[in-house]
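Working notes, beginning with the structure itself.
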Amino acid sequence: MPCVGDWLNSPLSIVQGIFAQNAPNSDWEKKVTEYFKEKLKENNATNWVPSLNDVPVHYLKPNSLVKFRCMVQDMFDPEFYMGVYETVDPNTNARVLHFGKYRDVAECGPQQEIDLNSPQTVTSERQTFYCVPVPGESAWVKEISFLTEPARVSPSTSYTPSRHKRSYEEDEDMDLHPSKQKEQHVASKSCFSGSGGDIHGCVEPKRLETEASAGHHVISPNCSPPLDLNFPLPGEKGPACLVKIYESWESFKVNDVLEVFGVLSVDPVLSIVNSEERDSSSLDPMECMDTMEEQRVHSPPASLVPRIHVILAQKLQHINPLLPACLNEEESKTCEFVSNFMSELSPVRAELLGFLTHALLGDSLAAEYLILHLISTVYGRRDVLPLGKFTVNLSGCPRSSAFTEHLYRLIQQLVPASYHLRMSIESMNHSRFIPHKDYTANRLVSGLLQLASNTSLVIDETQLEQGQLDTAGVHNVTALGNLITWQKVDYDFNYHRMEFPCNINVLITSEGRSLLPSDCQVHLQPQIIPPNMEEYMSSLLTAVLPSVLNKFRIYLSLLRLLDYSISDEVTKAVEEDFVEMRKNNPESVTADDLHKMLLVARFLSLSAGQTTLSRERWLRAKQLEALRKARLQQQQSVNGNEL
Numbered sequence: 001m002p003c004v005g006d007w008l009n010s011p012l013s014i015v016q017g018i019f020a021q022n023a024p025n026s027d028w029e030k031k032v033t034e035y036f037k038e039k040l041k042e043n044n045a046t047n048w049v050p051s052l053n054d055v056p057v058h059y060l061k062p063n064s065l066v067k068f069r070c071m072v073q074d075m076f077d078p079e080f081y082m083g084v085y086e087t088v089d090p091n092t093n094a095r096v097l098h099f100g101k102y103r104d105v106a107e108c109g110p111q112q113e114i115d116l117n118s119p120q121t122v123t124s125e126r127q128t129f130y131c132v133p134v135p136g137e138s139a140w141v142k143e144i145s146f147l148t149e150p151a152r153v154s155p156s157t158s159y160t161p162s163r164h165k166r167s168y169e170e171d172e173d174m175d176l177h178p179s180k181q182k183e184q185h186v187a188s189k190s191c192f193s194g195s196g197g198d199i200h201g202c203v204e205p206k207r208l209e210t211e212a213s214a215g216h217h218v219i220s221p222n223c224s225p226p227l228d229l230n231f232p233l234p235g236e237k238g239p240a241c242l243v244k245i246y247e248s249w250e251s252f253k254v255n256d257v258l259e260v261f262g263v264l265s266v267d268p269v270l271s272i273v274n275s276e277e278r279d280s281s282s283l284d285p286m287e288c289m290d291t292m293e294e295q296r297v298h299s300p301p302a303s304l305v306p307r308i309h310v311i312l313a314q315k316l317q318h319i320n321p322l323l324p325a326c327l328n329e330e331e332s333k334t335c336e337f338v339s340n341f342m343s344e345l346s347p348v349r350a351e352l353l354g355f356l357t358h359a360l361l362g363d364s365l366a367a368e369y370l371i372l373h374l375i376s377t378v379y380g381r382r383d384v385l386p387l388g389k390f391t392v393n394l395s396g397c398p399r400s401s402a403f404t405e406h407l408y409r410l411i412q413q414l415v416p417a418s419y420h421l422r423m424s425i426e427s428m429n430h431s432r433f434i435p436h437k438d439y440t441a442n443r444l445v446s447g448l449l450q451l452a453s454n455t456s457l458v459i460d461e462t463q464l465e466q467g468q469l470d471t472a473g474v475h476n477v478t479a480l481g482n483l484i485t486w487q488k489v490d491y492d493f494n495y496h497r498m499e500f501p502c503n504i505n506v507l508i509t510s511e512g513r514s515l516l517p518s519d520c521q522v523h524l525q526p527q528i529i530p531p532n533m534e535e536y537m538s539s540l541l542t543a544v545l546p547s548v549l550n551k552f553r554i555y556l557s558l559l560r561l562l563d564y565s566i567s568d569e570v571t572k573a574v575e576e577d578f579v580e581m582r583k584n585n586p587e588s589v590t591a592d593d594l595h596k597m598l599l600v601a602r603f604l605s606l607s608a609g610q611t612t613l614s615r616e617r618w619l620r621a622k623q624l625e626a627l628r629k630a631r632l633q634q635q636q637s638v639n640g641n642e643l
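If you're matching positions, the sequence shown starts at 1 in UniProt numbering and goes up one per residue.
If you want it as C-alpha cells, here you go:
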C-alpha cells in the first residue's frame, strides 16, 4: 500500500515546493508533471486516487488529487490565467511570487495584494473541456472499478465535509434554489478578505469573475433548463466536470474517452462573488463580452459541476476495468496477461457461443454472427469508407415477448458501454439524435448519437408501427443510416454541418428486413419458444458464474484491440477462389460478397485468437455465409416477400 501522503491529499503543496525551488525557471512545470507521473507508477498508486465516477464530490477534500473517467462532450474557448503572479504587502513592501496554475482563485496572504503591474507576472493559456461520464457505461464497469479502488474510503477519512452529505439528485435540488446554496456557503467569502476585496484575485484576466457563477442567475424564458447537464443519453447519472487542460490539449478531441488526474476545485467563493457583482449591476466591460446564458453554461455551480485542473491525462483504448489500461505497451505484466488469456481462449469462445445460442433461442448460426459483431471495430478508413464495421440486422425477432429488451440486457452484461434505442414514430419525431451548436450559450448541445467509440447500439424495430415521420423524424432516420453506412454523424452548426467520425457497433432487431441499412442480415430461427421470456433470459444470467462472465467481458474487449493481417500467399489463394466461384455462378458472387466474406473471415480468425487468416478460417467463413444466405432464401420462399 503506497503512503497516502501530501501528493494525494495536498497536491498543491507539492507544486508549491517545486515552484519555490525552481521559479522563475519555466522547468518547474515539467518537474511537477514528472513528479506525479512517477508517484502514480508506484505500486498501483492510481487505485488510491479517489474517482469522481465512484465518490460523490461532497465526500472529497477540496484541492485533493482525484481522477475522472469521462468523455469530452464539448470544448470551450481557450482561456487566459495568471500562471505566475506577485503579491505585495502594502505595509512592509515585501513581495512574494506565487503560481496560478491548477487554481481557480489566486492565493494571497492576510496582508497581501496582487500587483497586476508586476514585471514578474506571466499570463498563460489553458483549455477547458466539458466532460461527462462515458455515455451508456455498463453498471458492471462502475461496480468493478469501485470494488478495485481502496480510495473509495481512504482519502476522505481525513476530511470532514463542510456541508451535509447529499446525493447528486439533492445537489441538483439545491441548484434549483440558489438562495439556499448562497446562505449555506456565505461564510466562505472570507477567503477573499486577504486580497482587500480586489476581485482580480481570480486567475483569469479574460473572464475575471465568471468561473462558478451559473447557479445564481435569473434564467430568461428563452434559456435552456437551468439543470441541463448536457448528457447525450437520457437517465444518465454522475457528475459532469469542467476539465482544465494545461498541456498538449490539441491531441484531444470531442468524443475522446479520457482518464484525467488532477486537482479538484469546488470553491464556492466565485459563485457568491459573481452573484453579488450582478446584483450591483457591474458594468465590467470584460464581463459584458459574454452573454448571461453563456456565463451560466460555462460557469455552473461547482457543487454540481466541479472543476478538475489536470496534471496528467491519457486517452483510453477501452473502459473495461478487467483489462490493463494500455495494451500497446511492451510491459511484462501486460504481455503476461494477454498471453495467459489467449492460452485459454478456445474454451471461453465455446462457452460464450453456448451462452449466446441460448439467448438467441437455440440458434447457433445467429450466435456465431453475434460474436463476430461484438468483436468488430473500425480499424481504418479508405477515403470515406470505414473498414471493419459490421452492422448486423437480426430479423425474424418475436415481437410480442419483448425479446429485444431481454437480449439487450444480456448484451449489456457483456460490453462496457451500450444503449437500447427503441424505434417508434414518436421517438423518431421527438428525440434529438444529432448534436447541434447553441450559439447563444456557445456550447454543443448533445444528442443520442454523441457516443464514445466501441459503444454497442441496439436498435429495436420490432415495436415500429405505421405512422407519419415529420421533418425531425426524417433527419433522425437519415442520421442513423449515415452512422451505419459511413460511421459518422453530421453535427449541426446551423450554418453548416460538420462530420464527426465514430466507431459504433450497431445491432438491429426486426421482424422482417430492417428499414435501415446493414452489412449483414441474419434471420433468426428459434429452436425453442420459452413460455416466459423474462424468466428464461434471467435464468441464463444467473446460471453463469461471475468468473465466467468476466472471461466473456475480457474476451470481447481484448479481441477488438488485436492487430490482424493477411499474408500474400493467402491473399493469392482467396483471389483464385473468388475467380473460381465467379466461373461457376457469375451472378451469385459479387465484389460485395467477397468483401463480406473477408470481413467474416477477419472476425472469425480474431474470435479464435488468430491474428492472420488461414485457409481453414477462410473456408469456415464461406460456409457460414452460405448457411446464412440459404436461410434468407428459404425465408423468402416461405413468405413470398423480399427480405
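Yeah, the Cβ is synthetic: ideal placement off N, Cα and C, and Gly gets one too. Note that the structure is predicted; figures quoted are calculated from it, not measured.
On the three-state DSSP scale, how would you describe residue i?
i       : result
Ala-417 : strand
Gln-111 : coil
Thr-123 : strand
Leu-627 : helix
Lys-31  : helix
Gln-635 : helix
Pro-546 : helix
Phe-500 : strand
Gln-610 : coil
Ile-508 : strand
Asp-592 : helix
Ala-313 : strand
Asp-101 : Contrary to the premise, residue 101 reads as Lys rather than Asp in this sequence. Reduced to three states, the DSSP call for Lys-101 is coil.
Lys-488 : strand
Tyr-379 : coil
Asp-519 : coil
Glu-587 : coil
Phe-129 : strand
Arg-69  : strand
Ser-248 : coil
Asp-77  : coil
By alpha-carbon positions, which one of the options ends up nearest to residue i?
i           : options                               : result
Asp-519     : His-373, Pro-268 and Asp-577          : His-373
Val-84      : Pro-321, Thr-611, Tyr-102 and Pro-531 : Tyr-102
Ser-376     : Asn-429, Ser-547, Leu-558 and Asn-53  : Leu-558
Val-570     : Pro-586, Lys-315, Leu-598 and Leu-385 : Leu-598
Val-57      : Glu-143, Asp-267 and Glu-79           : Asp-267
residue 644 : Asn-47, Ser-565 and Gly-388           : Outside the shown range of the chain, which is 1 to 643, sits residue 644, and nothing can be said about it.
Pro-531     : Phe-403, Thr-123, Leu-242 and Phe-19  : Phe-403
Arg-553     : Ile-14, Thr-478 and Trp-140           : Trp-140
Asn-91      : Glu-113, Gly-100, Val-105 and Met-71  : Glu-113
Asp-427     : Pro-234, Val-96 and Cys-108           : The question names Asp, but residue 427 is Ser in the sequence shown. Out of Pro-234, Val-96 and Cys-108, Pro-234 has the C-alpha closest to the C-alpha of Ser-427.
Arg-602     : Asn-584, Val-574 and Thr-121          : Val-574
In its own chain, which residues sit with a C-beta less than 6 Å from the C-beta of residue i, not counting the 5 before and 5 after it?
i       : result
Arg-432 : Gly-447
Tyr-491 : Pro-435, Met-498 and Phe-500
His-420 : Tyr-408 and Val-458
Gly-238 : Pro-133
Arg-560 : Ile-375 and Thr-377
Checking 8 Å against the spacing of the C-beta atoms, do residue i and residue j come in under that value?
i       : j       : result
Lys-244 : Arg-69  : no
Leu-444 : Asp-74  : yes
Arg-307 : Ser-343 : no
Gln-521 : Leu-632 : yes
Lys-37  : Ala-45  : no
Pro-135 : Ala-417 : yes
Pro-11  : Val-269 : no
Gly-396 : Leu-515 : no
Thr-148 : Asp-115 : no
Glu-625 : Val-589 : no
Leu-387 : Ile-371 : no
Gln-317 : Leu-327 : yes
Val-489 : Leu-449 : yes
I'd like to confirm something about residue i: is its beta-carbon nearer than 7 Å to some heavy atom of the ligand NAD, or not?
i       : result
Leu-594 : Among the ligands in the structure shown, none appear at all, so the ligand NAD cannot be discussed.
Could you name the residues of the same chain whose beta carbon sits closer than 7 Å to that of residue i, not counting the 5 residues immediately before and after it, in chain order?
i       : result
Leu-562 : Leu-606 and Thr-611
His-358 : Leu-540
For residue i, which residues from the same chain have a beta carbon less than 8 Å from its beta carbon, with the 5 sequence-adjacent residues on both sides left out?
i           : result
Ala-608     : Leu-345, Ser-346, Arg-349 and Arg-617
residue 650 : The first residue shown for the chain is 1 and the last is 643, placing residue 650 beyond what the model contains.
Glu-534     : Ala-402 and His-406
Contact criterion: CB-CB distance below 8 Å. Does residue i meet it with respect to chain B?
i      : result
Trp-48 : The chain inventory of the structure shown lacks chain B, comprising one protein chain alone.
Task: Entirely enclosed alpha helix (DSSP H) segments - the segment 381 to 417, minimum 4 residues - done: If one requires a minimum length of 4 residues, the alpha helix (DSSP H) runs lying completely within the segment 381 to 417 are 403 to 412, in chain order.
Task: alpha helix (DSSP H) segments (min. 4 residues) lying fully within the segment 424 to 473 - done: Contiguous alpha helix (DSSP H) elements confined to the segment 424 to 473 occur at 425 to 430, taking only those with 4 or more residues.
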